[in-house]
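Novice: Dumping the structure here so I can ask a few things about it.
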Amino acid sequence: MVEPWLRNTLSAVPAVPRAVLHALELARENVEHWTPQLTDEEIHATPFGLTPYAFHVRHMAHSLDRLLTYAEGAPLNLMQRAALSVELEPGMSTQAMLAEFESALREAAGRIRRLPLDQLEAPRAVGAKGLPATLGGLLVHLADHTQRHAGQAVTTAKLLLALRASRAANV
534 MVEPWLRNTL
544 SAVPAVPRAV
554 LHALELAREN
564 VEHWTPQLTD
574 EEIHATPFGL
584 TPYAFHVRHM
594 AHSLDRLLTY
604 AEGAPLNLMQ
614 RAALSVELEP
624 GMSTQAMLAE
634 FESALREAAG
644 RIRRLPLDQL
654 EAPRAVGAKG
664 LPATLGGLLV
674 HLADHTQRHA
684 GQAVTTAKLL
694 LALRASRAAN
704 V
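Be aware that the sequence shown starts at 534, since it is given in this note's numbering, and climbs by one per residue.
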C-alpha cells in the first residue's frame, strides 16, 4: 500500500502540517494493522526486555498532547505530567488502548490545523527546564517522534508474533 504522503491527500493543507498529519496517518495505519493480531496479554509483554507494544501506542497518544501543548505555547498541566507515569502500566485492554490512541490522533489533527503556521520560527519552551525550541521544530519533532515509536511498536509486534509461532511449532 502507498504511504499517506504519496497519496496526494490533504493537498489544501500547507506542507509542514500536511507532513505531520501524514506521519500521524501512517502511525494510525501501522497500529490498526498490527494491534488486532496481538492479545491483551501480548500488548503488555516485554520480549527480551523490550518495552511493551502498549507502551509505544500509549506514549504516542500522550506525547502528541504534550508536544502540541508546547507548540501552542503553554506548559504541561498536572494531568499531562501524571500521564507520563501510567504509560508503562500494564492492564489496559487492547480495545481501551486503541480508543485512547484514536482519540489522541483526532484531537492532535485538529490542534495541528489550528496552529499559526505563519509563525513556524516563533520560540517555544519545552519541558520543566523551558528548553528552547520553535513551533516548526516542535511540529517536525512531533512527526519524527510518533514515527519512531510506531516503528518500535511494529518491531515489537513482529517479534511477539514470531515468538508465538515458535512456541506453537514446538508444541
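Glycine included, each C-beta is placed from N, C-alpha and C at the ideal position.
From a predicted model like this one, the values you see are computed outputs, not experimental measurements.
When we look at the beta-carbon of Arg-540 and count the other beta-carbons within 10 Å, is it buried (16 or more) or exposed?
Specialist: Taking the first residue of the sequence shown as position 1, residue 540 is located at position 7. Looking at its Cβ environment, which holds fewer than 16 other Cβ atoms inside 10 Å, Arg-540 is exposed.
Novice: Could you please give the first and the last residue of the uninterrupted beta strand (DSSP E) stretch that includes Ala-666?
Specialist: By 1-based counting over the sequence shown, the position of residue 666 is 133. 664-667 is the extent of the beta strand (DSSP E) around Ala-666.
Novice: Should the region 659-671 be called in touch with the region 575-584, which here means at least 3 C-beta pairs below 8 Å?
Specialist: No: the two stretches stay apart, fewer than three of their Cβ pairs being nearer than 8 Å.
Novice: What distance in whole Å lies between the Cβ atoms of Val-549 and Gly-669, which are believed to be in contact at a cut-off of 8 Å?
Specialist: Translated into positions along the sequence shown, residue 669 becomes position 136. Translated into positions along the sequence shown, residue 549 becomes position 16. 6 Å between Cβ atoms; contact.
Novice: Measuring CB to CB, does Pro-537 end up less than 8 Å from Leu-650?
Specialist: On the sequence shown, residue 537 is found 4 positions in, with the first residue counted as 1. On the sequence shown, residue 650 is found 117 positions in, with the first residue counted as 1. No, Cβ-Cβ distance for Pro-537 and Leu-650 is not below 8 Å.
Novice: For Thr-542, does the count of other Cβ atoms within 10 angstroms reach 16, so buried, or fall short, so exposed?
Specialist: The residue labelled residue 542 in the question sits at position 9 within the sequence shown. So Thr-542 counts as exposed.
Novice: If contact is defined by three or more beta carbon pairs under 8 Å, each pair taking one atom from either stretch, is the region 612-629 in contact with the region 685-695?
Specialist: No: fewer than three Cβ pairs fall under 8 Å.
Novice: Output yes or no for whether 8 Å exceeds the beta carbon distance between Ala-560 and Ala-683.
Specialist: Residue 560 sits at position 27 when you count from the first residue of the sequence shown. Residue 683 sits at position 150 when you count from the first residue of the sequence shown. Yes.
Novice: By Cβ distance, which residues of its chain are closer than 8 Å to Ala-607, with the 5 residues on each side in sequence left out?
Specialist: Within the sequence shown, numbered from 1, the residue matching residue 607 stands at position 74. Nothing listed; no residue qualifies.
Novice: When the Cα of Thr-602 is compared with those of Ser-626, Thr-572, Met-625 and Ile-645, which residue comes out closest?
Specialist: Taking the first residue of the sequence shown as 1, we reach residue 602 at position 69. Checking every option, the nearest Cα to that of Thr-602 belongs to Ile-645.
Novice: Buried or exposed for Ala-686, going by 16 or more other Cβ atoms inside 10 Å?
Specialist: Your numbering for residue 686 matches position 153 in the sequence shown. Under this definition Ala-686 is a buried residue.
Novice: In the DSSP assignment, find the beta strand (DSSP E) that holds Ala-661 and state where it starts and stops.
Specialist: Counted from its first residue, the sequence shown places residue 661 at position 128. No beta strand (DSSP E) contains Ala-661, which DSSP labels as neither H nor E.
Novice: Does Leu-611 pass the burial test, meaning 16 or more other C-beta atoms within 10 Å, or should it be called exposed?
Specialist: Along the sequence shown, read from residue 1 onward, the residue named residue 611 stands at position 78. The residue in question, Leu-611, is exposed, as its Cβ has fewer than 16 Cβ neighbours within 10 Å.
Novice: For Thr-679, collect the residues of the same chain with a Cβ closer than 8 Å to its Cβ; drop the 5 residues on either side in sequence, then sort them by chain order.
Specialist: Residue mapping note: residue 679 aligns to position 146 of the sequence shown, counting from 1. Closer than 8 Å at the Cβ level, and outside the excluded window around Thr-679, lie Ala-556, Leu-557, Ala-560, Met-593, Ser-596 and Leu-597.
Novice: How many angstroms separate the CA atom of Thr-568 from the CA atom of Met-534?
Specialist: Reading the sequence shown from its first residue, position 35 is the one you call residue 568. Reading the sequence shown from its first residue, position 1 is the one you call residue 534. The straight-line gap from Cα to Cα measures roughly 18 Å.
Novice: Using a Cβ-Cβ cutoff of less than 7 Å, which residues in the same chain neighbour Leu-609 once the five nearest sequence positions on both sides are dropped?
Specialist: Position 76 of the sequence shown, counted from the start, is the residue given in the question as residue 609. So the qualifying residues of the chain are Arg-599 and Thr-602.
Novice: Output the distance between the C-alpha atoms of Leu-675 and Val-553, rounded to the nearest integer angstrom.
Specialist: The sequence position of residue 675 within the sequence shown is 142, counting from 1. The sequence position of residue 553 within the sequence shown is 20, counting from 1. So the two alpha carbons sit approximately 7 Å from each other.
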